[in-house]
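J.: Please read through the structure below; I'll follow up with questions.
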Amino acid sequence: MRLLFSFLLLILANNTVAADMADTPTGRVILTVSGAINTKLNATFDLAMLDALPQYTITTHTPWTQGLHTYRGFSAVDLLDHLGSTGTLLQITALNQYMTEVPLSDFLDNGAIFATRQDGREISVRNLGPIMVIYPFDEREELKSERIYGRSIWQVSHIKSIVLTE
Amino acid sequence: MRLFQKKMWLSVFKQWLLYGFIVLVIVITLAVFSIITHTSDSSKNNSRRVFESALWNALQLQLQSYRFLNYLIELDQTATSLNGDAFFEYDLLMSRVDLLREGDVATLVRNFESGRTTRLLNIINGELELLSFQLSKIEGGDFAYLPTLVERIKSIDTQINEFVTLVNKGSNNYISSQHQKLQKNLDDIQLLSIMLLACLFCLCFFIIKGVSELKRVVRRNNALNVNIQAVHEDKARTLAFVNQETRRPIHAILGAASALNNPTPPNNTAALSKHIEESGHQLLQIIEMLSDLSLIDAQKLTLTPTTERLQPHIENCLTQFDGHMARKGLQSMVYVDPALPPYISVDFMRIKEILVALVKNAIAHTSSGSISLQVRPSASAAPSLPLPSGISEIRVLQIALRDTGQGMPDELQQSLRANPTLPMQKEGPLPSTVGLDLALCHKLVYLMQGEMHFSCAPQKGCEFWVDIPFYVPEKQPEDAKQNALMWPENTQILLIETDPQLAKIISLQLTALQLDVILAKDGSLQDNHNSDLIIVGNSPKFERDGHDALQQWKSRACPVLSYNPQAINHPESSVKALHFPLTQSQLERLITSLLTDLKKRSKNQ
Chain A
1239 MRLLFSFLLL ILANNTVAAD MADTPTGRVI LTVSGAINTK LNATFDLAML
1289 DALPQYTITT HTPWTQGLHT YRGFSAVDLL DHLGSTGTLL QITALNQYMT
1339 EVPLSDFLDN GAIFATRQDG REISVRNLGP IMVIYPFDER EELKSERIYG
1389 RSIWQVSHIK SIVLTE
Chain B
27 MRLFQKKMWL SVFKQWLLYG FIVLVIVITL AVFSIITHTS DSSKNNSRRV
77 FESALWNALQ LQLQSYRFLN YLIELDQTAT SLNGDAFFEY DLLMSRVDLL
127 REGDVATLVR NFESGRTTRL LNIINGELEL LSFQLSKIEG GDFAYLPTLV
177 ERIKSIDTQI NEFVTLVNKG SNNYISSQHQ KLQKNLDDIQ LLSIMLLACL
227 FCLCFFIIKG VSELKRVVRR NNALNVNIQA VHEDKARTLA FVNQETRRPI
277 HAILGAASAL NNPTPPNNTA ALSKHIEESG HQLLQIIEML SDLSLIDAQK
327 LTLTPTTERL QPHIENCLTQ FDGHMARKGL QSMVYVDPAL PPYISVDFMR
377 IKEILVALVK NAIAHTSSGS ISLQVRPSAS AAPSLPLPSG ISEIRVLQIA
427 LRDTGQGMPD ELQQSLRANP TLPMQKEGPL PSTVGLDLAL CHKLVYLMQG
477 EMHFSCAPQK GCEFWVDIPF YVPEKQPEDA KQNALMWPEN TQILLIETDP
527 QLAKIISLQL TALQLDVILA KDGSLQDNHN SDLIIVGNSP KFERDGHDAL
577 QQWKSRACPV LSYNPQAINH PESSVKALHF PLTQSQLERL ITSLLTDLKK
627 RSKNQ
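One line per chain: the protein sequences are A and B, in this order.
Be aware that the first sequence starts at 1239, since it is given in the working numbering, and climbs by one per residue.
Be aware that the second sequence starts at 27, since it is given in the working numbering, and climbs by one per residue.
Dropping the structure here:
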């Protein structure tokens, strides 16, 4: 009974997210998603659309910022769910065209998020925004590695969802 | 004391060993920590992220400056507003500058080329900050500022290029220095590893030694436990033995005392009193022997040598058993070889205990016949001991005691053959197996650094040889000098004795008195008329020819000595009786008296 109730709540929440989220951006487009998604064209998002996704918070130090900061943002899992994507690997490109690949499992297992807020404020381009990939480094020591640092991309502008086949 | 010192030395050695072990463990711990630290440092030194980020961000700054310039050149000047795009591009460029000015990258870059990179970066930042005014105008649609803006960005290009070059150079130097540090750390780690390996080998050695020592201690502990058990058992046996040994004289005392306490006193009160006295002495002797045995076992018995005349001591030892031997009809004699110094330095009390034990054993195993005691120089080498003052040398005397008894049982012989100088036989014979007297005798002999040997034949008797070292005093007292002869030279003595052992001892005694001995070992009583004195011993022919012989000797006034009861008790003889134990002093006294009388009579005639 409890399971059934939880399942219903989840469906309701997903429907609520979908309903709250506008189809087209009204503000400045800060993120473009392409690849294995359910639209023929690229999906574009402004900050409001991204804020409509379930939000997660990580408080941690990072090698490229000073002091402890609280980051808030969305998970790639919710984003791909929203887009009906079955992608397992994200090819993420920054504003400077730097590109890296992050497996979706990092968002599921390692608790990574796409941060859009730093200490409650939007992250400017100058402060490596508007979107950063943040891992909970302080919570899990094993994340403090060159491999994960390389995936911690900032100034994210484009995500390509890729379905990896074995 | 020496053993104690040895143990102390061992203890100090073990203490140092323990200190060494602790130092080893500390060294190993330090080595391990040093290796961990060096490895950690090496890991840090090996971290390429910071200096690679510096170079990456510098190149990104250059790239972004070109992109920004390109954006401005390609800007659509017909647009009324740029909707923040220009500032967006500007922020992108400035973010690269910020990355180079903050965090670990900034710290690293600051040290490149003595701070020249920092100065350049500040200039670049300042120049770029100044562009914001023109940029806001362009953002508002006023493109008149665009050429100036482009020109200014172009002018910064030289500084950015120089900055990138310096960062590249600095990064290379930094990498080189890090590599050097890394190599040094690796060398240190190698050295520490070798040291650690050596220490581990040492530790293994210590552990192996420790384990073997532990095993040895456990074995020793087990052995000690067994020994403790054996001591308890021995104590019980000893107490049982004490009980057994003391019971007989105590019962004798109690019996005699009870008889004396009777309302009707017995006729032989004197004999009973004597019996009580003897039993009391016997009891006292047993207690003293037990005490001595305990002291020997505890290594507390000290020998106290005194310089005294040897012969009387030896003779007294045998004399004290005259009653006992007379009751058994045993004939006994003692001979002290004149080759031994008259006065010697030895623990006479212990010598007496040894002799008493041997004589008692001989009496116990001899039902008839004779017991002869000889004390003579031994052929054994004297032990090398420090000489006390007043002592000229150390020699060895041999006590030889022979009996004509039935011999000792094999078990007793086996027990007596234990040699305490051998490691497996340290305990020596136990009193419960060989008897209190022999056990004490055996222990005393070896305590005095002597040796004890014996030979036994069933029904033929035993002979003990006991070698005991003694000190020879530097000066012999005045009375040790031999007296002048009281009889002429070539004085002949006829000795009639069929027992070869008795004949041998008496011959030796007479020879020591410088008398010529003619031995009639077949017991013949025929005299060749040349004898100055006749000693009649055991002879089966006496019963038949004794009377005639005595008459003949009497007729020619030849003095006769005898221990033969038939001769002594002969009604028509003037035979002087000899008593057992036959000693040299007894013989000397009697012969001197007889031969002096003879000499006087000869002179008168």
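Backbone N, C-alpha and C fix where the C-beta goes; we use that ideal spot for every residue, glycine too.
Since this is a predicted model, take the numbers as computed values, not measurements.
Buried or exposed: A:Ala1251, going by 16 or more other Cβ atoms within 10 Å of its Cβ?
T.: One-based indexing of the first sequence puts residue 1251 of chain A at position 13. Low per-residue confidence applies at A:Ala1251: pLDDT is 43, beneath 50, and the placement is therefore not dependable enough to give any value.
J.: Runs of 4 residues minimum, wholly inside the stretch 1303–1378 of chain A: which ones carry the alpha helix (DSSP H) assignment?
T.: Qualifying alpha helix (DSSP H) stretches, in chain order: 1314–1321 and 1343–1346.
J.: Beta-carbon within less than 6 Å of B:Gly395's beta-carbon, same chain only, minus the 5 sequence neighbours each way: which residues are those?
T.: For this step, residue 395 of chain B is matched to residue 369 along the second sequence. Closer than 6 Å at Cβ, skipping near neighbours: Thr430.
J.: Is there a Cβ of chain B sitting closer than 7 Å to that of A:Leu1189, yes or no?
T.: No information on residue 1189 of chain A is available, as it lies outside the stretch 1239 to 1404 that chain A covers here.
J.: Would you kindly work out how many angstroms separate the C-alpha atoms of B:Glu515 and B:Leu539, rounded to a whole number?
T.: Sequence index remark: in the second sequence, residue 515 of chain B carries index 489 (1-based). Sequence index remark: in the second sequence, residue 539 of chain B carries index 513 (1-based). Straight-line Cα distance between these residues: approximately 11 Å.
J.: Skipping 5 residues on each side, what residues in its chain have a beta carbon closer than 6 Å to that of B:Arg402?
T.: If you number the second sequence from 1, residue 402 of chain B lands on position 376. Correct list, in chain order: Asp363 and Gln424.
J.: Excluding five sequence neighbours on each side, which residues of the same chain lie with their C-beta closer than 6 Å to the C-beta of B:Ala278?
T.: Along the second sequence, one-based indexing puts residue 278 of chain B at 252. Cβ neighbours of B:Ala278 beyond the five flanking positions: Ser305.
J.: Give me whichever residues DSSP pairs with A:Leu1269 in a beta bridge.
T.: Residue numbering aside, residue 1269 of chain A sits at position 31 when the first sequence is read from its first letter. Partner(s): A:Phe1283.
J.: Bridge partners of B:Gln424, per DSSP?
T.: Counted from its first residue, the second sequence places residue 424 of chain B at position 398. In the DSSP output, where bridge partners are listed per residue, B:Gln424 has B:Arg402 and B:Asp493.
J.: Over what stretch of residues does the beta strand (DSSP E) that includes B:Gln475 continue unbroken?
T.: As a working note, residue 475 of chain B is residue 449 in the second sequence. Here B:Gln475 belongs to no beta strand (DSSP E), and DSSP marks it neither H nor E.
J.: Just to confirm, does A:Val1315 get its C-beta within under 6 Å of one of the non-hydrogen atoms of the ligand HEM?
T.: The ligand HEM is not part of the structure shown, which contains no ligands of any sort.
J.: In whole angstroms, give me the CA-to-CA distance for B:Leu399 and B:Val244.
T.: Position 373 of the second sequence, counted from the first residue, corresponds to residue 399 of chain B. Position 218 of the second sequence, counted from the first residue, corresponds to residue 244 of chain B. Answer to the nearest angstrom: the Cα atoms are 51 Å apart.
J.: Around the C-beta of B:Thr333, are 16 or more other C-beta atoms found within 10 angstroms, so that it is buried, or is it exposed?
T.: Residue numbering aside, residue 333 of chain B sits at position 307 when the second sequence is read from its first letter. Answer is buried; the Cβ neighbour count reaches 16.
J.: So the candidates are A:Thr1298, A:Leu1342, A:Pro1301 and A:Gln1304; which of them puts its Cα closest to the Cα of A:Asp1319?
T.: For the purposes of this step, residue 1319 of chain A is identified with residue 81 of the first sequence, where counting begins at 1. Cα-wise, what sits closest to A:Asp1319 is A:Leu1342.
J.: Does the CB of B:Leu118 have a neighbour CB from chain C at under 7 Å?
T.: The chain labelled as chain C is not found among the protein chains of the depicted structure, namely A and B.
J.: Starting from the C-beta of B:Val498, find all residues in its chain whose C-beta is less than 8 Å away, skip the five residues before and the five after it, and write them out in chain order.
T.: Numbered from its first residue, the second sequence carries residue 498 of chain B at position 472. Answer for B:Val498: Pro367, Ile370, Ser371, Ile417, Ser418, Glu419, Ile420 and Arg421, listed in chain order.
J.: Counting beta carbon pairs with one atom in the stretch 1354–1361 of chain A and one in the stretch 1307–1327 of chain A, are three or more of them shorter than 8 Å?
T.: Yes: the two stretches touch, three or more of their Cβ pairs being nearer than 8 Å.
J.: Report the neighbours of B:Ser121 on chain A: residues whose CB is nearer than 8 Å to its CB, in chain order.
T.: As a first step, residue 121 of chain B must be located in the second sequence, where it is residue number 95. Within 8 Å Cβ-Cβ: Val1363, Arg1364, Asn1365, Leu1366 and Gln1393.
J.: Going by DSSP in three states, B:Arg582 sits in which element: helix, strand or coil?
T.: For the purposes of this step, residue 582 of chain B is identified with residue 556 of the second sequence, where counting begins at 1. Coil, per DSSP.
J.: Which value, in whole angstroms, describes the spacing of the CA atoms of B:Ile254 and B:Asp323?
T.: Residue 254 of chain B sits at position 228 when you count from the first residue of the second sequence. Residue 323 of chain B sits at position 297 when you count from the first residue of the second sequence. Each residue's Cα considered, the two are about 14 Å apart.
J.: If you count every other CB in all the chains shown that lies within 10 Å of the CB of B:His307, and 16 or more means buried, which is it?
T.: Residue 307 of chain B sits at position 281 when you count from the first residue of the second sequence. By the 10 Å Cβ count, B:His307 comes out exposed.
J.: Closer than 8 Å between beta carbons: that is the criterion. Which residues of the stretch 1300–1326 of chain A meet it against chain B?
T.: Of all residues in the stretch 1300–1326 of chain A, Pro1301, Trp1302, Thr1303 and Gln1304 have a Cβ within less than 8 Å of some Cβ in chain B.
J.: Taking the Cβ atom as the reference point for each residue, do B:Leu520 and B:Ile544 lie within a distance shorter than 7 Å?
T.: As a position in the second sequence, residue 520 of chain B is number 494, starting the count at 1. As a position in the second sequence, residue 544 of chain B is number 518, starting the count at 1. Yes.
J.: Here's a check: name, in chain order, each residue in its chain whose Cβ is nearer than 7 Å to the Cβ of B:Thr295, leaving out the five neighbours to either side.
T.: Here residue 295 of chain B refers to the residue found at position 269 of the second sequence. The answer, listed in chain order, is Leu286.
J.: Does the stretch 1361–1371 of chain A touch the stretch 107–119 of chain B, meaning 3 or more C-beta pairs lie closer than 8 Å?
T.: Yes, the stretch 107–119 of chain B is in contact with the stretch 1361–1371 of chain A.
J.: Taking the straight line between their C-alpha atoms, what separation do you get for B:Ala282 and B:Thr272?
T.: If you number the second sequence from 1, residue 282 of chain B lands on position 256. If you number the second sequence from 1, residue 272 of chain B lands on position 246. Those two C-alpha atoms are separated by around 16 Å.
J.: Using beta carbons (cut-off 7 Å, strictly below), is B:Gly152 in contact with chain A?
T.: On the second sequence, residue 152 of chain B is found 126 positions in, with the first residue counted as 1. No, its Cβ sits nowhere closer than 7 Å to a Cβ of chain A.
J.: Tell me where the alpha helix (DSSP H) around B:Tyr171 begins and ends.
T.: By one-based count along the second sequence, residue 171 of chain B stands at place 145. Counting along the chain, B:Tyr171 falls outside any alpha helix (DSSP H), and DSSP gives it neither H nor E.
J.: How would you list, in chain order, the residues of chain A whose beta-carbon sits under 8 Å from the beta-carbon of B:Asp130?
T.: Walking along the second sequence from the start, residue 130 of chain B turns up at place 104. Residues of chain A passing the Cβ test: Pro1301.
J.: Kindly list the residues whose CB is nearer than 6 Å to the CB of A:Ile1372, restricted to its own chain and excluding five residues on each side of it in sequence; keep chain order.
T.: Here residue 1372 of chain A corresponds to residue number 134 of the first sequence, with the count starting at 1. Here the set comprises Ile1296, Tyr1309, Ile1351 and Ala1353.
J.: What does B:Cys482 pair with, by DSSP beta-bridge criteria?
T.: One-based indexing of the second sequence puts residue 482 of chain B at position 456. BP columns for B:Cys482 point to B:Cys488.
J.: My output table needs one value for B:Asn72: the three-state DSSP class, helix, strand or coil.
T.: The residue labelled residue 72 of chain B in the question sits at position 46 within the second sequence. Confidence is the limiting factor: at B:Asn72 the pLDDT is only 49, short of 50, which leaves the residue's position unreliable, though a coordinate-based value still follows. If DSSP states are grouped into helix, strand and coil, B:Asn72 belongs with the helices.
J.: Given this structure, state the Cα-to-Cα distance separating B:Thr188 from B:Ser121, to the nearest angstrom.
T.: Here the question's residue 188 of chain B lines up with position 162 in the second sequence. Here the question's residue 121 of chain B lines up with position 95 in the second sequence. Before going further, note that residue 188 of chain B is Glu rather than Thr in the sequence given. So the two alpha carbons sit approximately 19 Å from each other.
J.: Let me know if B:Gln90 comes out buried or exposed under the rule of 16 or more other beta-carbons within 10 Å of its beta-carbon.
T.: Sequence index remark: in the second sequence, residue 90 of chain B carries index 64 (1-based). With 16 or more other Cβ atoms within 10 Å, it is buried.
J.: Got a sec: is the Cβ-Cβ distance from A:His1396 to anything in chain B below 7 Å?
T.: As a position in the first sequence, residue 1396 of chain A is number 158, starting the count at 1. Chain B contact via Cβ: absent.
J.: Assess contact between the stretch 1321–1331 of chain A and the stretch 1276–1290 of chain A, defined as three or more Cβ pairs (one per stretch) separated by less than 8 Å. Is contact present?
T.: Short answer: they touch.
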